[in-house]
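Sequential numbering of the sequence shown, starting at 1, is according to UniProt numbering.
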Amino acid sequence: MRAIFKFFLKRPVTWIVNRVSSSPRQENVNKSLSELYQSITTNPGKKGPLFAFRPDEHPVIIFSDLHKGTRDGSDDFGVCEKTYLAALEYYNNNQYYYINLGDSEELWENLLVNVIKYNKDTFEAEKKFVERRAFAKVVGNHDLYWGNDPLAPTFLKNVYGTNVKAHSGVVLRAELPDGSLDILCTHGHQGDAQSDGNAFSKWFVSAIWGPLQGFLEINTNSPSCNDENKTIHNQYMYEWSASQKNLILITGHTHQPVFNSLTHLERLYLQLEDAKEKNDETEVNRILAEIPRRRREYNHVNTHYHSMKPSYFNSGCCCFDDGNITGIEISEGYMRLVKWTSKSGVALREVAEETHIVSLVNALASSESSQ
1 MRAIFKFFLK
11 RPVTWIVNRV
21 SSSPRQENVN
31 KSLSELYQSI
41 TTNPGKKGPL
51 FAFRPDEHPV
61 IIFSDLHKGT
71 RDGSDDFGVC
81 EKTYLAALEY
91 YNNNQYYYIN
101 LGDSEELWEN
111 LLVNVIKYNK
121 DTFEAEKKFV
131 ERRAFAKVVG
141 NHDLYWGNDP
151 LAPTFLKNVY
161 GTNVKAHSGV
171 VLRAELPDGS
181 LDILCTHGHQ
191 GDAQSDGNAF
201 SKWFVSAIWG
211 PLQGFLEINT
221 NSPSCNDENK
231 TIHNQYMYEW
241 SASQKNLILI
251 TGHTHQPVFN
261 SLTHLERLYL
271 QLEDAKEKND
281 ETEVNRILAE
291 IPRRRREYNH
301 VNTHYHSMKP
311 SYFNSGCCCF
321 DDGNITGIEI
331 SEGYMRLVKW
341 TSKSGVALRE
351 VAEETHIVSL
361 VNALASSESS
371 Q
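And the structure:
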């Protein structure tokens with residue numbers, strides 16, 4: 001039956017997809033992010049909560065883009081499930097606040113009841129954070145259902161055992177010795193022509209358009225599966241965040257980690273220059289060997305990577321095909337990009353990048369004073 005529908009519908013639907021591309025425009029991204037930030041900071045609760053916290057005392061973990069499926073051939077999360085569960089156990093035991101930054105459930109390709117059926121262990125692990133009142137759920141474009149459907153609150157209550165609200169974003173207000181820093185956390189599909197429109201367009205995408213593309217096996221033009229869109233997304237999110245004062249932005253959406261506004265490839269080029277200055281031949285050779293592999297993952301290097309304002313971060317995803325997951329930690333006064341790997345059945349936490357939040361604030365202030 002699917003083959004018949006694909007034969008008759010795939011071409012016209014693909015044409016429509018290309019005509020109504022999800023690639024955002026900078027002005028739409030700016031407007032959407034600014035409205036979200038203003039709403040949360042002036043009227044907390046309507047679009048998301050505002051939490052004041054001390055980054056040296058109240059740890060936070062941010063994961064995004066699990067895309068929980070039904071353990072079939074198209075389920076990208078299945079191979080990462082054990083690593084994710086081990087990570088959640090670690091963070092719950094250490095009293096972290098967990099922000100789930102969207103696309104947690106893959107609802108373009110699957111029925112919600114089936115996703116719940118095949119992911120009971122992960123929902124139970126997340127429930128432990130809910131019970132501590134240490135959980136915030138943010139909506140992504142692949143799980144827009146949580147923010148649109150009138151039955152969504154009932155499903156969330158059934159899954160987590162209590163009322164859980166789905167948010168458009170969260171603002172963390174880090175209280176520091178000499179002031180504060182606002183951290184806007186949102187999925188990152190803001191400005192997307194397909195999934196960031198009015199209430200009807202969001203419902204249409206979540207209930208009809210997205211599932212139809214999934215059924216017809218059409219590339220959805222999402223940044224996560226399109227290198228050009230990853231570059232566009234990173235650039236637009238960076239441009240907005242760089243124009244703000246005393247604020248950083250954390251998103252997901254692209255499945256591509258970004259730390260201090262730099263992708264892994266851009267950071268490698270900085271490290272290469274540093275190694276050459278130090279005449280560290282071993283490190284130079286290591287980096288030169290890694291760069292070609294990373295260039296297959298990134299089709300663009302920002303020519304201004306030396307001077308970019310450290311205002312944009314991306315948590316990566318929890319559905320890498322090697323079973324690894326990445327996230328953003330805020331703990332002990334540091335921002336960290338962490339990677340969880342599974343070796344010989346044992347989950348291991350690795351710190352890929354880190355910066356002290358006070359140093360980050362100073363770097364932001366320095367960039368702002370030079371603008």
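Just so you know, even glycine gets a beta-carbon here, dropped at the ideal spot from N, CA and C.
Cβ shell of residue i (< 8 angstroms), same chain only, five flanking positions each side left out
{"i": "L360", "result": "L181, I248, N260, P310 and M335"}
{"i": "G161", "result": "K127, V130 and E131"}
{"i": "K31", "result": "G191"}
{"i": "N324", "result": "C80, T83, K339, W340, T341 and S342"}
{"i": "L112", "result": "E105, Y145 and F155"}
{"i": "D121", "result": "E81 and L85"}
{"i": "L36", "result": "K47, G48, S168, G169, L184, T186 and Q190"}
{"i": "T41", "result": "L50, V171 and D182"}
{"i": "K157", "result": "N163 and V164"}
N-terminal and C-terminal residue of the beta strand (DSSP E) that residue i is part of
{"i": "V346", "result": "V346 to H356"}
{"i": "N100", "result": "Y97 to N100"}
{"i": "N314", "result": "Y312 to N314"}
The alpha helix (DSSP H) enclosing residue i, as first and last residue numbers
{"i": "W146", "result": "Y145 to N148"}
{"i": "R132", "result": "Taken as a continuous stretch (DSSP letters only), R132 belongs to no alpha helix (DSSP H), as it is neither H nor E."}
{"i": "V164", "result": "V164 -> no alpha helix (DSSP H), and no H or E assigned at all."}
{"i": "E27", "result": "Q26 to T42"}
{"i": "K117", "result": "L112 to Y118"}
Same chain, Cβ closer than 6 angstroms to residue i, neighbours up to 5 away in sequence not counted
{"i": "D123", "result": "The sequence shown places Phe at residue 123, rather than the Asp named in the question. Excluding positions up to five away in sequence, the list reads V159."}
{"i": "G147", "result": "V139 and A166"}
{"i": "Q26", "result": "Y236"}
{"i": "F200", "result": "Residue placement at F200 is poorly supported in this model, since its pLDDT is 44, which falls under 50; the coordinates are not used for a value here."}
{"i": "Y118", "result": "T70 and R71"}
{"i": "S331", "result": "P59"}
{"i": "S206", "result": "Low local confidence applies: a pLDDT of 44 at S206 is under 50, so the model's placement there is unreliable, with the coordinate-based value given in what follows. Hits under 6 angstroms: L144, Y145 and N148."}
{"i": "D75", "result": "G69"}
{"i": "A352", "result": "L337 and K339"}
{"i": "N198", "result": "Since pLDDT at N198 reaches only 45, below the 50 mark, its modelled position is unreliable, and the value read off the structure follows with that caveat. Nothing listed; no residue qualifies."}
{"i": "T326", "result": "P257, G316 and K339"}
{"i": "S367", "result": "K309"}
Contact set for residue i: own chain, Cβ-Cβ below 7 angstroms, skip 5 residues either direction
{"i": "N302", "result": "E266 and M308"}
{"i": "I287", "result": "L268, Q271, L272 and A275"}
{"i": "E354", "result": "Y334, M335 and R336"}
{"i": "H300", "result": "T231"}
{"i": "A152", "result": "Y145, W146 and A166"}
{"i": "N110", "result": "G69 and T70"}
{"i": "N114", "result": "T70"}
{"i": "V258", "result": "N234, Y312, F313 and N314"}
{"i": "P55", "result": "A174, I330, G333 and I357"}
{"i": "residue 372", "result": "In this structure the chain extends from 1 to 371, so residue 372 is not present and cannot be described."}
{"i": "N28", "result": "G191"}
Beta bridge counterpart(s) of residue i as assigned by DSSP
{"i": "T326", "result": "K339"}
{"i": "R173", "result": "A52 and D182"}
{"i": "Y91", "result": "None, per the DSSP bridge assignment."}
{"i": "V60", "result": "Y97 and I330"}
{"i": "residue 405", "result": "This structure gives no information on residue 405, because the portion of the chain shown stretches from 1 to 371."}
{"i": "E105", "result": "K68"}
{"i": "V138", "result": "H167"}
Segment contact, 8 angstroms Cβ cut-off, at least three pairs: the stretch 237 to 246 with the stretch 271 to 283: no
With three or more C-beta pairs closer than 8 angstroms as the rule, is the stretch 342 to 356 touching the stretch 85 to 93? yes
Of all the beta strand (DSSP E) runs that stay within the bounds of the stretch 245 to 300, which reach a length of 3 or more residues? 247 to 251
Contact the stretch 162 to 171 vs the stretch 45 to 52: 3+ CB pairs below 8 angstroms: yes
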